[in-house]
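Here this note's numbering runs 824 ahead of the position in the sequence shown, where the first position is 1. Just so it is clear, CB atoms sit at the ideal spot from N, CA and C, and this is done for glycine as well.
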Amino acid sequence: MNENIDMTVQLGRLTLKNPVGVASGTFGYGEEYSALLDVDALGALYTKAVTPEVRAGNQSPRLADTPAGMLNSIGLANPGLDSFIQHKLPLLRQRKCAVMVNVAGCCPEDYIAVIERLEQEAGIAGYEINISCPNVKAGGMALGTDPAVVERLTRQLSDRTTAGGRPLVVKLSPNVTDICAIARAAEAGGAAALSCINTLVGMVIDVKQRRPVLAMGSGGLSGPAIRPVGVACVYKVSRAVSIPVIGLGGITNTDDALQYFLAGAAAIQVGTALFTRPETPLEILTGLRAFMADNAIAKISDLPGLLQS
Ligand SMILES: Cc1cc2nc3c(=O)[nH]c(=O)nc-3n(C[C@H](O)[C@H](O)[C@H](O)COP(=O)(O)O)c2cc1C
825 MNENIDMTVQ LGRLTLKNPV GVASGTFGYG EEYSALLDVD ALGALYTKAV TPEVRAGNQS
885 PRLADTPAGM LNSIGLANPG LDSFIQHKLP LLRQRKCAVM VNVAGCCPED YIAVIERLEQ
945 EAGIAGYEIN ISCPNVKAGG MALGTDPAVV ERLTRQLSDR TTAGGRPLVV KLSPNVTDIC
1005 AIARAAEAGG AAALSCINTL VGMVIDVKQR RPVLAMGSGG LSGPAIRPVG VACVYKVSRA
1065 VSIPVIGLGG ITNTDDALQY FLAGAAAIQV GTALFTRPET PLEILTGLRA FMADNAIAKI
1125 SDLPGLLQS
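Structure representation (structure tokens):
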């Protein structure tokens, strides 16, 4: 029975062999983790953000501990597009899991530059678009907070990817008034799927020093603390659009992952949990198979329909 279970997930024209991925920014480009888990067994590897230019990221301290989570203000630290292609892509190309490149920038032109260049490179399964970045040319407001901007950007990018058939996954921020309006805008712009959610804005203050712990003041909260927010977002968003939703935020074990599937997710990603237990995603994969075998569920895509009202 276990062997006959269908774990595949369809994201546009891309078929993932299983629904478990690792989240952008928590897995680098896969190199460091190679000794800690079988990277090829994952359904998908979402890379750290890639921007046109090399970026050092934000000033330190850029990590802070929080109850049931962590706060980061890494920024978009990455080697830049040329170095990514030269030094990171060759190893990524050898992976047997789907390599999804997380794309970021300070303005729409940055995203376009990355996608246009990567479209010429082999070994990439698709793109995840991080729209939580501040749009420097538009006064610093996060790109992902305005439905019109999100629809336009998604269309500009999807127009440039359809030839290769690589799916565009738009990654939604929970730091908005109406996440469903943003989700619908991304779908209208041609997104093949959505990932849901990025980090929540948070702040930790050192009371002895009387100043924020992070040099940037605030940062992004991740880990189990945000899981109920992520599950609620996936529940709402998956009912607002007809494209697949990839759930993430605070997943640490199979039950956490099942919450996301029952809420409506087609696939999931594991992020912060990797820092303490790198084996988590593959344990979840085994756990999902066991749950499905025990409950006579033949396809992972059947799970979202099983939530009782
Ligand atoms: C240290 C760190 C760096 C991150 N960098 C990125 C990034 O470059 N691009 C992105 O889209 N998300 C980034 N994220 C967000 C994660 O991919 C994920 O959406 C978030 O952490 C929630 O999942 P989790 O609670 O399982 O970590 C980062 C998260 C952390 C903790």
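Query	Result
Per DSSP, the bridge partner or partners of L992	Y951
Coil, strand or helix - A1056 by DSSP	helix
Counterpart residues of I1092 in DSSP-defined beta bridges	V844, G1071
Bridge-paired residues (DSSP) for P958	A966
Inter-residue CB distance, L1018 and V1055 (contact presumed, cutoff 8 Å)	Actually they are not in contact, since the Cβ atoms of L1018 and V1055 sit about 15 Å apart, beyond 8 Å.
Rounded straight-line distance, which links the Cα of K1032 to that of M1116	51 Å
Bounding residues of the alpha helix (DSSP H) (the contiguous stretch that carries Y1084)	1078-1087
Touching by the beta-carbon criterion (3+ pairs, under 8 Å), the region 875-892 and the region 926-942	yes
Segment contact, 8 Å Cβ cut-off, at least three pairs: the region 1003-1016 with the region 856-871	no
Reference P1105; option with closest CA among A928, S1042, L838, V846	V846
Beta-carbon gap between D889 and K1123 smaller than 8 Å	no
Bridge partner(s) assigned by DSSP for Q834	T839
Inter-residue spacing [alpha-carbon to alpha-carbon] between V1058 and P914	34 Å
Rounded straight-line distance, which links the Cα of V925 to that of N896	21 Å
Check: A873 C-beta below 7 Å from any heavy atom of ligand 1	yes
Inter-residue Cα distance where the pair is G947 and L1112	28 Å
Euclidean distance between Cα positions of R1063 and N999	19 Å
Classification of D796 by the beta-carbon crowding that lies within 10 angstroms, buried from 16 upward	What is shown of the chain runs 825 to 1133, which leaves residue 796 out entirely.
Near ligand 1: A928 beta-carbon under 7 Å from a heavy atom	yes
Closest by C-alpha distance to M894, when choosing among G1129, G1026, V974, S1133	G1026
Of the residues R886, S848, G854, the one placed nearest A1039, counting alpha carbons only	R886
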